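>
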Amino acid sequence: MERRTFLTGAAGALATIAGCVGSAPETPDDGPAATDTPTPTPAAPTIIARSLEPRQDCEQPGSATVSTDGTTVTVDGCIVGKNGCMVASLASATYDADADELGVRVATRDESDEDEMCTQQLVERGYTVTVEFDGGLPGTTTVTHDGVDGEQQVARSRTGE
Numbered sequence: 001m002e003r004r005t006f007l008t009g010a011a012g013a014l015a016t017i018a019g020c021v022g023s024a025p026e027t028p029d030d031g032p033a034a035t036d037t038p039t040p041t042p043a044a045p046t047i048i049a050r051s052l053e054p055r056q057d058c059e060q061p062g063s064a065t066v067s068t069d070g071t072t073v074t075v076d077g078c079i080v081g082k083n084g085c086m087v088a089s090l091a092s093a094t095y096d097a098d099a100d101e102l103g104v105r106v107a108t109r110d111e112s113d114e115d116e117m118c119t120q121q122l123v124e125r126g127y128t129v130t131v132e133f134d135g136g137l138p139g140t141t142t143v144t145h146d147g148v149d150g151e152q153q154v155a156r157s158r159t160g161e
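Here's what the structure looks like:
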């Protein structure tokens, strides 16, 4: 008998709440909903490789030219060393994302042995610096020489256009 009372009560309760459990009425669609998701900013260029190759020819001492090809920045330059044992070396090649600028610094370094004598004359050392990027090119490239005349900016070029 208690089972019948329980089943009768349960059926009545279900009938009472049956209209409350349905889905909400449909509302008209006013188009796509606005989102708070910002548009992603493109990633800044990233240096993936850098190198310096010495060159024999060196036409204009204390100068450099900047060129681009695809995702590569190339600097051809001529730095002056204080004696015959000095060679061109890549001191740094860094990308500043805030300024969107590649900074290339070429220096001279002594490559002589301890007991080696060096000619005591100024020498011109040609070089080619290659910097490869992923994600585009920098907006500008600045080239600095740190040679016999100290540190001097020798080139500045717009590269990311």
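Each residue of the sequence shown is one higher than the one before, counting from 1 in the UniProt record's numbering. All residues carry an ideal CB built from backbone N, CA and C; glycine is no exception. These figures come from a predicted structure and were not determined experimentally.
1. Between E124 and V80, how many whole angstroms is the CB-CB distance? I'm expecting something under 8 Å.
2. Do the CB positions of V143 and G62 come within less than 8 Å of each other?
3. Check whether the stretch 95-108 touches the stretch 145-154, taking contact to mean three or more Cβ pairs, one atom from each stretch, closer than 8 Å.
4. Between the beta-carbon of A93 and the beta-carbon of L102, is there less than 8 Å?
5. Less than 8 Å separating the beta-carbons of A99 and A44?
6. So, at 7 Å on beta carbons, what are the nonlocal neighbours of C58 in its own chain, with the 5 sequence-adjacent residues on each side left out?
7. Going by DSSP in three states, Q152 sits in which element: helix, strand or coil?
8. With distances taken between CB atoms, is the gap from L122 to T68 smaller than 8 Å?
9. Helix, strand or coil: which one does DSSP assign to C78?
10. Which residues bound the beta strand (DSSP E) around P54?
11. Helix, strand or coil: how does DSSP classify E124 here?
Answer, in terms of the structure:
1. 6 Å
2. no
3. yes
4. yes
5. no
6. C78, E124, R125 and G126
7. strand
8. no
9. strand
10. T46 to R55
11. strand
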